[in-house]
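Colleague: Right, I'll just put the structure down here and ask away after.
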Amino acid sequence: MFAVLKTGGKQYKVQAGDILRVEKLAADAGEKVQFNDVLMLGGDAPVVGAPFIEGAGVQAEVIEQIKGDKVIKFVKRRRKHSSKRTVGHRQKLTLVKITDILSSGADKSGIKAATGSAPAGEAAPAAKPAKKAEAKAVAPAAAAADDLTKLNGVGPAAAKKLAEAGIESFAALAALSDEQIAAIETVKVKPEWVEQAKELAKG
10 MFAVLKTGGK QYKVQAGDIL RVEKLAADAG EKVQFNDVLM LGGDAPVVGA
60 PFIEGAGVQA EVIEQIKGDK VIKFVKRRRK HSSKRTVGHR QKLTLVKITD
110 ILSSGADKSG IKAATGSAPA GEAAPAAKPA KKAEAKAVAP AAAAADDLTK
160 LNGVGPAAAK KLAEAGIESF AALAALSDEQ IAAIETVKVK PEWVEQAKEL
210 AKG
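Using my numbering, you'd call the opening residue of the sequence shown number 10 and step up by one each time.
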(Lines of atoms letter the chains of each structure in order from A and count residues from 1; the text may use other names and numbers.)
(Lines give C-alpha, C1' and ligand atoms only; values in the text may rest on other atoms or scores of the structure.)
Protein backbone atom coordinates (compact mmCIF):
# COMPACT_ATOMS: atom_id res chain seq x y z
CA MET A 1 0.00 0.00 0.00
CA PHE A 2 1.28 3.47 -0.83
CA ALA A 3 0.10 7.02 -0.26
CA VAL A 4 0.66 10.38 -1.93
CA LEU A 5 0.99 13.11 0.68
CA LYS A 6 1.50 16.85 0.51
CA THR A 7 3.83 18.82 2.77
CA GLY A 8 5.91 21.95 2.31
CA GLY A 9 4.26 22.65 -1.05
CA LYS A 10 5.51 19.35 -2.49
CA GLN A 11 3.97 15.92 -3.08
CA TYR A 12 5.60 12.63 -2.11
CA LYS A 13 4.70 9.02 -2.92
CA VAL A 14 5.53 6.96 0.17
CA GLN A 15 5.32 3.47 1.62
CA ALA A 16 5.91 2.19 5.13
CA GLY A 17 9.65 2.17 5.85
CA ASP A 18 10.56 4.95 3.41
CA ILE A 19 12.91 7.73 4.55
CA LEU A 20 12.07 11.23 3.32
CA ARG A 21 13.72 14.63 3.36
CA VAL A 22 10.90 17.18 3.69
CA GLU A 23 10.71 20.90 4.37
CA LYS A 24 11.54 21.65 8.01
CA LEU A 25 8.89 20.50 10.50
CA ALA A 26 8.29 21.83 14.01
CA ALA A 27 9.34 18.59 15.75
CA ASP A 28 12.37 17.19 17.54
CA ALA A 29 14.29 14.00 16.77
CA GLY A 30 12.43 10.91 18.02
CA GLU A 31 8.99 12.55 17.91
CA LYS A 32 6.11 11.02 15.99
CA VAL A 33 4.21 13.21 13.55
CA GLN A 34 1.29 12.67 11.23
CA PHE A 35 0.75 14.05 7.74
CA ASN A 36 -2.97 14.67 7.31
CA ASP A 37 -2.91 16.04 3.74
CA VAL A 38 -3.21 12.74 1.87
CA LEU A 39 -4.04 13.12 -1.83
CA MET A 40 -4.22 9.44 -2.79
CA LEU A 41 -4.13 5.94 -1.33
CA GLY A 42 -2.94 3.15 -3.62
CA GLY A 43 -3.21 -0.61 -3.40
CA ASP A 44 -5.92 -3.15 -4.18
CA ALA A 45 -8.62 -0.47 -3.99
CA PRO A 46 -7.10 2.94 -4.89
CA VAL A 47 -8.76 6.03 -3.42
CA VAL A 48 -8.29 9.56 -4.79
CA GLY A 49 -9.10 12.59 -2.64
CA ALA A 50 -10.91 15.76 -3.62
CA PRO A 51 -8.40 17.21 -2.94
CA PHE A 52 -7.63 15.30 0.32
CA ILE A 53 -8.96 12.01 1.68
CA GLU A 54 -10.96 12.63 4.84
CA GLY A 55 -9.72 10.61 7.81
CA ALA A 56 -6.56 9.38 6.07
CA GLY A 57 -3.08 10.06 7.37
CA VAL A 58 0.56 9.07 7.11
CA GLN A 59 2.48 8.60 10.36
CA ALA A 60 6.22 9.12 10.54
CA GLU A 61 9.04 9.34 13.06
CA VAL A 62 11.44 12.29 12.98
CA ILE A 63 15.02 11.08 12.62
CA GLU A 64 16.82 14.45 12.72
CA GLN A 65 16.83 18.06 11.57
CA ILE A 66 19.33 18.53 8.72
CA LYS A 67 20.43 21.03 6.07
CA GLY A 68 20.31 20.39 2.36
CA ASP A 69 23.18 20.72 -0.10
CA LYS A 70 24.56 24.21 -0.60
CA VAL A 71 23.07 26.10 -3.53
CA ILE A 72 25.26 28.81 -5.05
CA LYS A 73 23.67 31.87 -6.63
CA PHE A 74 26.05 33.89 -8.80
CA VAL A 75 25.03 37.21 -10.33
CA LYS A 76 27.22 39.15 -12.74
CA ARG A 77 26.37 42.48 -14.37
CA ARG A 78 28.66 43.03 -17.33
CA ARG A 79 27.62 46.42 -18.67
CA LYS A 80 28.44 49.74 -17.00
CA HIS A 81 28.94 48.47 -13.45
CA SER A 82 30.71 45.16 -14.06
CA SER A 83 29.69 43.92 -10.62
CA LYS A 84 29.30 40.36 -9.39
CA ARG A 85 27.94 38.74 -6.26
CA THR A 86 27.95 35.19 -4.90
CA VAL A 87 25.43 34.01 -2.32
CA GLY A 88 25.18 30.52 -0.81
CA HIS A 89 22.13 28.91 0.79
CA ARG A 90 21.45 25.63 2.61
CA GLN A 91 17.76 24.79 3.00
CA LYS A 92 16.63 23.51 6.40
CA LEU A 93 15.08 20.05 6.10
CA THR A 94 13.68 17.30 8.33
CA LEU A 95 14.58 13.64 7.87
CA VAL A 96 11.57 11.39 8.64
CA LYS A 97 10.87 7.66 8.44
CA ILE A 98 7.37 6.58 7.38
CA THR A 99 5.99 4.14 9.95
CA ASP A 100 2.33 3.65 9.05
CA ILE A 101 -0.33 4.61 6.49
CA LEU A 102 -3.89 5.02 7.80
CA SER A 103 -6.83 4.89 5.41
CA SER A 104 -9.24 6.08 8.12
CA GLY A 105 -9.30 7.22 11.75
CA ALA A 106 -6.24 9.44 11.47
CA ASP A 107 -8.13 12.37 12.99
CA LYS A 108 -8.58 10.36 16.23
CA SER A 109 -5.05 8.96 16.47
CA GLY A 110 -3.88 11.69 18.88
CA ILE A 111 -0.50 12.05 17.14
CA LYS A 112 0.84 15.56 16.58
CA ALA A 113 0.17 16.96 13.11
CA ALA A 114 3.23 17.61 10.95
CA THR A 115 3.45 21.39 10.53
CA GLY A 116 6.21 23.58 9.19
CA SER A 117 8.22 25.89 11.41
CA ALA A 118 7.65 29.64 11.09
CA PRO A 119 10.41 31.62 9.33
CA ALA A 120 12.66 33.81 11.44
CA GLY A 121 10.88 36.98 12.47
CA GLU A 122 7.43 35.40 12.11
CA ALA A 123 7.51 33.03 15.07
CA ALA A 124 5.01 35.04 17.12
CA PRO A 125 2.61 37.77 16.08
CA ALA A 126 3.76 41.19 17.19
CA ALA A 127 1.89 42.81 20.06
CA LYS A 128 -0.22 45.86 19.37
CA PRO A 129 1.48 49.23 19.89
CA ALA A 130 1.91 50.06 23.57
CA LYS A 131 0.35 53.52 23.25
CA LYS A 132 -2.95 52.14 21.99
CA ALA A 133 -2.88 49.45 24.67
CA GLU A 134 -2.38 52.10 27.36
CA ALA A 135 -5.21 54.19 25.95
CA LYS A 136 -7.53 51.21 26.08
CA ALA A 137 -6.37 50.35 29.58
CA VAL A 138 -7.18 53.80 30.98
CA ALA A 139 -10.56 53.94 29.25
CA PRO A 140 -13.37 52.80 31.58
CA ALA A 141 -15.26 49.62 30.75
CA ALA A 142 -17.96 50.42 28.23
CA ALA A 143 -21.59 49.63 28.90
CA ALA A 144 -24.05 49.10 26.08
CA ALA A 145 -22.84 50.87 22.93
CA ASP A 146 -24.41 54.28 22.23
CA ASP A 147 -24.53 56.37 19.06
CA LEU A 148 -21.69 58.80 19.78
CA THR A 149 -22.47 60.79 16.63
CA LYS A 150 -25.32 62.41 18.60
CA LEU A 151 -22.68 64.57 20.24
CA ASN A 152 -22.08 67.93 18.56
CA GLY A 153 -18.84 67.79 16.57
CA VAL A 154 -18.53 63.99 16.62
CA GLY A 155 -18.79 62.47 13.16
CA PRO A 156 -18.52 58.83 12.06
CA ALA A 157 -14.71 59.03 11.87
CA ALA A 158 -14.36 60.44 15.39
CA ALA A 159 -16.86 57.89 16.74
CA LYS A 160 -14.79 55.09 15.19
CA LYS A 161 -11.61 56.41 16.79
CA LEU A 162 -13.35 56.66 20.17
CA ALA A 163 -14.49 53.06 19.78
CA GLU A 164 -10.89 52.01 19.01
CA ALA A 165 -9.89 53.65 22.30
CA GLY A 166 -12.52 51.56 24.11
CA ILE A 167 -15.14 54.33 24.47
CA GLU A 168 -18.46 53.19 23.01
CA SER A 169 -21.04 54.71 25.35
CA PHE A 170 -21.98 58.11 26.79
CA ALA A 171 -21.31 56.83 30.32
CA ALA A 172 -17.79 55.77 29.39
CA LEU A 173 -17.06 59.17 27.84
CA ALA A 174 -18.58 61.04 30.79
CA ALA A 175 -16.44 59.10 33.30
CA LEU A 176 -13.12 60.12 31.71
CA SER A 177 -10.73 62.14 33.85
CA ASP A 178 -8.34 64.76 32.49
CA GLU A 179 -5.42 62.30 32.72
CA GLN A 180 -7.34 59.64 30.85
CA ILE A 181 -8.31 62.12 28.13
CA ALA A 182 -4.64 63.11 27.73
CA ALA A 183 -3.65 59.44 27.41
CA ILE A 184 -5.95 58.86 24.43
CA GLU A 185 -3.95 59.52 21.27
CA THR A 186 -6.28 58.14 18.62
CA VAL A 187 -8.56 61.18 18.85
CA LYS A 188 -8.53 64.53 20.66
CA VAL A 189 -11.43 64.45 23.13
CA LYS A 190 -12.99 67.90 23.54
CA PRO A 191 -14.35 69.04 26.97
CA GLU A 192 -17.78 69.84 25.45
CA TRP A 193 -18.09 66.19 24.33
CA VAL A 194 -17.67 65.10 27.94
CA GLU A 195 -20.28 67.59 29.16
CA GLN A 196 -22.79 66.51 26.50
CA ALA A 197 -22.10 62.85 27.30
CA LYS A 198 -22.87 63.47 30.98
CA GLU A 199 -26.28 64.93 30.05
CA LEU A 200 -27.10 62.13 27.61
CA ALA A 201 -25.92 59.43 30.05
CA LYS A 202 -28.54 60.64 32.58
CA GLY A 203 -31.18 59.87 30.00
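Note that the Cβ used here is the ideal one computed from N, Cα and C, for glycine as well.
Please go through the same chain and pick out, in chain order, the residues whose beta-carbon is closer than 6 Å to the beta-carbon of R88, but skip the five residues on each side of it.
Modeller: For the purposes of this step, residue 88 is identified with residue 79 of the sequence shown, where counting begins at 1. Excluding sequence neighbours, R88 sits near nothing in its chain.
Colleague: DSSP three-state call for K207: helix, strand or coil?
Modeller: Translated into positions along the sequence shown, residue 207 becomes position 198. Looking at K207 - three-state DSSP - the assignment turns out to be helix.
Colleague: Does the beta carbon of A25 fall short of 6 Å from some heavy atom of the ligand FAD?
Modeller: The ligand FAD is absent from the structure shown, which contains no ligand whatsoever.
Colleague: Is the beta carbon of A25 closer than 7 Å to that of L277?
Modeller: A query on residue 277 cannot be resolved here, the shown segment of the chain reaching from 10 to 212 and no further.
Colleague: Cα separation between E208 and A184?
Modeller: Residue 208 sits at position 199 when you count from the first residue of the sequence shown. Residue 184 sits at position 175 when you count from the first residue of the sequence shown. Cα-Cα distance, rounded: 12 Å.
Colleague: Which residues in the same chain have their Cβ closer than 8 Å to the Cβ of Q20, if we skip the five residues on either side of it in sequence?
Modeller: The residue labelled residue 20 in the question sits at position 11 within the sequence shown. V13, L14, L48.
Colleague: Just list the residues that DSSP pairs Q24 with in beta bridges.
Modeller: The residue you call residue 24 lines up with position 15 of the sequence shown. Answer is none; Q24 lacks a bridge partner.
Colleague: Within its chain, find whatever has a CB closer than 8 Å to the CB of G52; leave out the 5 residues flanking it on each side and keep chain order.
Modeller: Translated into positions along the sequence shown, residue 52 becomes position 43. Contacts found: M10, F11.
Colleague: From A123 to P60, what distance separates their C-alpha atoms?
Modeller: If you number the sequence shown from 1, residue 123 lands on position 114. If you number the sequence shown from 1, residue 60 lands on position 51. Each residue's Cα considered, the two are about 18 Å apart.
Colleague: Could you give the residue range of the beta strand (DSSP E) that holds K76?
Modeller: The sequence position of residue 76 within the sequence shown is 67, counting from 1. From DSSP, the beta strand (DSSP E) with K76 extends over 66-76.
Colleague: Could you check whether A69 and T108 sit closer than 7 Å to each other, using their CB atoms as the reference points?
Modeller: On the sequence shown, position 99 is the one that residue 108 refers to. On the sequence shown, position 60 is the one that residue 69 refers to. It is a contact, given that the beta carbons lie within the stated cut-off.
Colleague: If G66 and Q100 are in contact, beta carbons under 8 Å, what's the gap, nearest whole angstrom?
Modeller: As a position in the sequence shown, residue 66 is number 57, starting the count at 1. As a position in the sequence shown, residue 100 is number 91, starting the count at 1. Incorrect: roughly 25 Å between the Cβ atoms, too far for contact.
Colleague: Would you call the CB atoms of V217 and A38 closer than 7 Å?
Modeller: A query on residue 217 cannot be resolved here, the shown segment of the chain reaching from 10 to 212 and no further.
Colleague: Looking at the strands, I want to know which residues DSSP matches up with E32.
Modeller: Residue numbering aside, residue 32 sits at position 23 when the sequence shown is read from its first letter. Answer is L102, bridged to E32.
Colleague: If you compare alpha carbons, which of K93, E73, K76 is closest to A82?
Modeller: Taking the sequence shown and counting its residues from 1, one reaches residue 82 at position 73. Just to set this straight, residue 82 is Lys in the shown sequence, not Ala. For the residues K93, E73, K76, the minimum Cα distance to K82 belongs to K93.
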